[in-house]
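Structure first, then comments.
In the numbering used here, the protein residues as written are -10 to 122.
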């Protein structure tokens, strides 16, 4: 975990870092994932507990979205919506679009990047947890 801001590492297993992030999300909690987990399919990929109401943002590889010819997994379609906007990363190639979930409290369970019917994503997602207050 770290703060979401320019310069923060996006993944725990890569030197890729954020270069631009929407101002409204700066300082929120960035849950870094492993980019190598991009191949994880069906089933729970991660879970964490949110103690106060928070919005959950997925930083999703744009290549894995319908707008870029891809497809998000069913678990993303069920409860998440495009939030508008994106973040940029240091490798100059990755563009992650923001997909959000309404304010939640309690256990958050997220599936794998390649869960069905996922298509197109070349990089794993990361997560931003933003205070809903």
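Where is the CB? At the ideal position from N, CA and C, for every residue including glycine.
Note down, in chain order, each residue of its chain lying with its Cβ closer than 7 Å to the Cβ of residue i, except the 5 sequence neighbours on either side.
i, result
"residue 118", "17, 18, 20, 39, 43 and 45"
"residue 92", "42, 43, 44 and 121"
If we ignore side chains and look at the alpha-carbon of each, how far apart do residue i and residue j end up?
i, j, result
"residue -9", "residue 47", "15 Å"
"residue 67", "residue 89", "11 Å"
"residue 104", "residue 32", "8 Å"
Do we get a CB-CB distance below 8 Å when we pair residue i with the residues of chain C?
i, result
"residue 106", "No chain C is part of this structure, which consists of one protein chain only."
Taking C-alpha atoms, which residue in the options lies nearest to residue i?
i, options, result
"residue 115", "101, 30, 12 and 32", "101"
"residue 70", "49, 84, 76 and 80", "49"
"residue 143", "74, 2 and 55", "Beyond the ends of the chain as shown, which are -10 and 122, falls residue 143; an answer cannot be given."
"residue 4", "95, 24 and 15", "24"
"residue 59", "83, 80, 111 and 72", "111"
"residue 12", "106, 62, 77 and 51", "77"
Which partner residues does residue i have in the DSSP bridge list?
i, result
"residue -8", "18"
"residue 43", "93 and 120"
Quick check on DSSP: helix, strand or coil for residue i?
i, result
"residue 65", "helix"
"residue 1", "coil"
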